[in-house]
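Residue numbers (the numbering used here): 8 to 180.
Written out below as structure tokens is the structure these notes cover.
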């Protein structure tokens with residue numbers, strides 16, 4: 008089993024996509040990259056803690072590779088917008104890859120360099136060693152599954168899941 012930690016806007020979106028990917032055993036919404044131990048959602052929403060909304064993905068690399076994880080990650084969010092995704096604004100919504108070893112660092116760096124050649128805007132995805140990860144509150148976990156008719160889920164989360172399902176048919180559970 009391998010672990011990846013990524014953030015690309017609201018964690019509800021990223022988590023909803025990766026829970027539907029073949030080989031992903033868990034996708035946990037949480038916080039990382041800030042200064043407060045055990046932050047709460049209310050604290051990170053102020054932007055003062057420095058944490059990003061991220062997910063910790065546990066996956067079977069014999070089924071889905073780290074490179075696959077990166078491909079999906081970069082497809083379902085905009086890595087060229089600093090501290091925002093769509094209507095979500097603030098450092099907690101930054102694009103970030105927290106690597107857990109040098110292989111992940113090298114793979115992410117290569118993916119960013121390759122993707123940058125195809126884009127006209129600069130990629131602003133933070134690439135940093137993995138800091139401590141803090142699970143988000145229980146009501147954030149599996150948010151789309153528990154709240155499919157909620158407005159944000161219908162307008163933002165579900166379209167990202169649909170994009171994943173159309174683009175990565177070979178990775179759908």
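From the three backbone atoms N, C-alpha and C, an ideal C-beta is built for every residue, glycine too.
The structure presented is a predicted model; accordingly, all values stated were derived computationally and were not measured.
Extent of the continuous beta strand (DSSP E) to which residue i belongs
| i | result |
| --- | --- |
| residue 141 | 140-142 |
| residue 105 | 102-106 |
| residue 152 | First-last for residue 152: 150-153, but that is the alpha helix (DSSP H), not the beta strand (DSSP E). |
| residue 133 | 133-136 |
DSSP three-state assignment for residue i, whether helix, strand or coil
| i | result |
| --- | --- |
| residue 10 | strand |
| residue 128 | coil |
| residue 85 | coil |
| residue 70 | coil |
| residue 92 | strand |
Beta-carbon spacing of residue i, residue j below 9 Å
| i | j | result |
| --- | --- | --- |
| residue 39 | residue 12 | yes |
| residue 98 | residue 57 | yes |
| residue 26 | residue 176 | no |
| residue 21 | residue 51 | no |
| residue 136 | residue 106 | yes |
| residue 100 | residue 16 | yes |
| residue 171 | residue 45 | no |
| residue 28 | residue 79 | yes |
| residue 104 | residue 133 | yes |
| residue 68 | residue 157 | no |
Contacting residues, own chain, Cβ-Cβ under 6 Å from residue i (five flanking each side not counted)
| i | result |
| --- | --- |
| residue 164 | 19, 20, 23 and 151 |
| residue 95 | 16 and 17 |
| residue 14 | 59, 60, 61 and 103 |
Run of the alpha helix (DSSP H) containing residue i, from where it starts to where it stops
| i | result |
| --- | --- |
| residue 109 | 109-123 |
| residue 21 | 18-25 |
| residue 168 | 165-174 |
Residues near residue i by beta carbon distance below 7 Å, same chain, minus five either side
| i | result |
| --- | --- |
| residue 174 | 82 |
| residue 130 | 86, 87, 119, 122 and 123 |
Neighbourhood of residue i by C-beta distance below 8 Å, restricted to the same chain and skipping five residues each side
| i | result |
| --- | --- |
| residue 161 | 155 |
Count Cβ pairs between the stretch 70-81 and the stretch 109-119 that sit closer than 8 Å; are there 3 or more? yes
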